[in-house]
Amino acid sequence: MSYERETSAGYLTNWAARLFARSLERRIGTGSGPMPVFFALQDGSTMTQKELVQVAAVEQPTMANTLNRMERDGLIVRTPDPDDRRSARIALTPLGLERAEAAFRAAVEVNDIATSALRPEERPAFHDMLRRVVSALERDGEPD
Numbered sequence: 134m135s136y137e138r139e140t141s142a143g144y145l146t147n148w149a150a151r152l153f154a155r156s157l158e159r160r161i162g163t164g165s166g167p168m169p170v171f172f173a174l175q176d177g178s179t180m181t182q183k184e185l186v187q188v189a190a191v192e193q194p195t196m197a198n199t200l201n202r203m204e205r206d207g208l209i210v211r212t213p214d215p216d217d218r219r220s221a222r223i224a225l226t227p228l229g230l231e232r233a234e235a236a237f238r239a240a241v242e243v244n245d246i247a248t249s250a251l252r253p254e255e256r257p258a259f260h261d262m263l264r265r266v267v268s269a270l271e272r273d274g275e276p277d
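Residue 134 is where the sequence shown starts when you use the numbering used here, and the numbers rise one by one after that.
In structure tokens:
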């Protein structure tokens with residue numbers, strides 16, 4: 134069996150994702166770990182850690198570590214959940230909202246760089262194909 138990385142969707146997607154992350158990290162000066170939290174809470178809403186795990190599609194320990202670092206850096210605040218005393222609601226602080234905005238500007242820049250390799254008329258098809266690939270892979274984890 135031959136495996137050619139130049140024709141492997143998985144290899145190329147992973148490679149592109151690592152390059153996206155590296156480019157983004159260069160611009161924001163930190164890891165891209167907080168990005169799912171920034172996306173989830175950018176509108177000023179609050180979520181529990183469990184909700185963030187689901188939205189970000191990461192493992193609970195990964196989210197716990199991300200939130201601990203973000204709290205240490207003053208990017209999030211935890212407040213008691215009025216509906217569940219064992220849980221906390223998580224929100225971005227003003228500094229977190231600032232950093233989220235800067236991260237989103239950097240992400241737009243990196244996306245523009247990446248898609249500059251495509252003709253403008255190719256970009257909508259590329260995004261559509263990526264959404265379909267993501268959807269197929271999400272369905273793969275679902276029970277039959």
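Every residue gets a Cβ at the ideal spot worked out from N, C-alpha and C, and that includes glycine.
Predicted model, so just to flag it, every value in this text is computed and none were measured.
Burial state of residue i, where buried means 16 or more other Cβ atoms lie within 10 Å
i: Val243; result: buried
i: Met196; result: buried
i: Ala142; result: exposed
Of the residues the options, the one placed nearest residue i, counting alpha carbons only
i: Gln175; options: Pro167, Ala233, Ala239; result: Ala233
i: Leu200; options: Arg222, Pro227, Ala269, Arg218; result: Arg222
i: Val241; options: Ala250, Leu157, Leu152; result: Leu157
i: Gly229; options: Gln187, Arg155, Phe172, Ala142; result: Phe172
i: Asp214; options: Ser268, Met180, Pro169; result: Met180
i: Gly274; options: Arg256, Ala190, Thr248; result: Ala190
i: Glu160; options: Ser249, Leu251, Ala239; result: A small correction: the amino acid at residue 160 is Arg; Glu does not occupy that position in the sequence shown. When only C-alpha atoms are compared, the closest one is Ala239.
i: Met168; options: Ile209, Thr140, Pro257, Asn147; result: Ile209
i: Leu225; options: Asp217, Tyr136, Leu185, Arg219; result: Leu185
i: Glu271; options: Val170, Ala149, Val188; result: Val188
Per-residue DSSP class, three states only, for residue i
i: Ala221; result: strand
i: Pro213; result: strand
i: Thr146; result: helix
i: Thr140; result: helix
i: Thr248; result: helix
i: Gly162; result: coil
i: Ser135; result: coil
Residue i Cβ short of 7 Å to the ligand ZN heavy atom set
i: Arg256; result: By its list of ligands, the structure shown contains no ligand whatsoever, and the ligand ZN lies outside what it can speak to.
Residue i: first and last residue of the uninterrupted alpha helix (DSSP H) it sits in
i: Pro276; result: Here Pro276 belongs to no alpha helix (DSSP H), and DSSP marks it neither H nor E.
Query raised in the report: Which ranges does the beta strand (DSSP E) cover as unbroken runs of at least 3 residues, wholly within the stretch 165-213, from first to last along the chain?
Result: none
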